[in-house]
Amino acid sequence: MPSSLAFQVDQYDQENWDQHTRFVEKEIPEPGQGEVLVQVYLRPVNPTDVILITTGWGHIPTPAVPGSEGVAKVVKNGSGSSKFSEGQRVVAVQWPQFQSQGSWQQYVVVKEETLVAVHESLSDETAAQFFINPVTVVGMVIALCKHKGIKTINVVRRDSAKQEILDAGGDVAISTESEDLVKCVKEVTGGKGAGAAIDPIGGKMTGKLVAALADGGKYMLYGALAAGEPCEVDHMDILTKSPIITNFLIYAWVEQPHKQEVLQETMDLLVKKVLDPYTGKKYPLREAKAAVKASLDTARGGKILLEG
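In structure tokens form, the structure reads like this:
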């Protein structure tokens, strides 16, 4: 009988996660009312997936299958589901990872209402990264800002990455490996500071970015690459700059009334290549542990993908 290969987390452990994860063969589920059975064949390794594997976000029950993104084909519609045809390419917004059934398995049952049809012109690699892209979002912000005429100051953690940012269209690139972030931002802005900062890291980087803001500037945290490290801000920066400090959590934001409008705009921008995800090395699903470790290398290049 056909089965579904899945990467499963049995216990959350930040230090020894690879000792508590394994591959299992699961029975292919049947879709119920309003559901669709899909076959996932390509998915990225995102920082949010690594957080799930190591911490479960503090509330996801085990055993759990991670996976926040991926492209799939429709296999079977459940009762009451007819929007998508068999074999049609789709992505889910969101995959049921918070119910322990993410995309790092071959077959998943999802609610029909969460599926989005993939435009025929998009490659599988681009479609697989439709939803989150927390690592490549820097490239997307550059492209969007350039599209709207906004200048960007881009911060990287190694000198060798500066040229990549400039080649992608960034106006300025600063490397914290060898440069003083606050000093460089002040120089670029004529002493005023940046109007806003968006941060996928957190931790100590938060304080540096807030210090680089202009008076009344806005700081937005949207990622947790420094998960477990406290965000520290100098109290004088808060007192004298009056910064607006906020956050952006895509899982909550995408459920707002504007969901369909935003998803359509995202698909249009991908089709037009205003957004163009940077794809890296592919690993078979059975090599997920190696893929996770590769994704943690800041010099890895594009997004790591799992196929099969």
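The opening position of the sequence shown corresponds to residue -16 in the working numbering, with each subsequent residue numbered one higher.
Ideal Cβ placement from N, Cα and C applies to all residues, glycine included.
Residues that residue i bridges to, as DSSP identifies them
i	result
A179	K201
L288	P27, K265
T4	V(-8)
Q82	Paired residues: none, contrary to the question.
I136	V155
Q22	K56, Y90
K9	S(-13)
A75	L98
L196	A177
Integer-rounded CB distance, given that residue j should sit under 8 Å from residue i
i	j	result
T45	G39	7 Å
K12	L20	Checking the sequence, you will find Pro at residue 12 rather than Lys. Confirmed, about 7 Å.
L196	Y202	6 Å
G85	V48	5 Å
K94	E18	6 Å
A274	Y261	No, A274 and Y261 are not in contact; Cβ-Cβ is about 16 Å, not under 8 Å.
F67	V58	The pair is not a contact, with the Cβ atoms about 10 Å apart (cut-off 8 Å).
Residue i and residue j closer than 7 Å at C-beta
i	j	result
G186	E212	yes
G303	K129	What the structure shows of the chain is the stretch from -16 to 291, and residue 303 is not part of that stretch, so it cannot be assessed.
D142	E160	yes
F81	I43	yes
K286	G263	yes
V155	I184	no
D220	A194	yes
A100	V76	no
First and last residue of the uninterrupted beta strand (DSSP E) at residue i
i	result
V254	From DSSP, V254 is part of no beta strand (DSSP E) but of the alpha helix (DSSP H) over 242 to 254.
L98	98 to 100
D156	Reading the sequence as shown, one finds Ala at residue 156 and not Asp. That run of the beta strand (DSSP E) goes 155 to 158.
I228	227 to 230
V48	V48 -> no beta strand (DSSP E), and no H or E assigned at all.
Residue i beta carbon near the ligand ADP (any heavy atom closer than 6 Å)
i	result
A274	The model on display carries no ligand, and the ligand ADP is accordingly not part of it.
Bounding residues of the alpha helix (DSSP H) (the contiguous stretch that carries residue i)
i	result
V257	Premise fails: V257 is in no alpha helix (DSSP H) and is neither H nor E.
K224	218 to 224
A295	Lying before the first or after the last residue shown, residue 295 is absent from the chain, which here runs from -16 to 291.
I233	233 to 236
K145	145 to 150
A207	No alpha helix (DSSP H) contains A207, which DSSP labels as neither H nor E.
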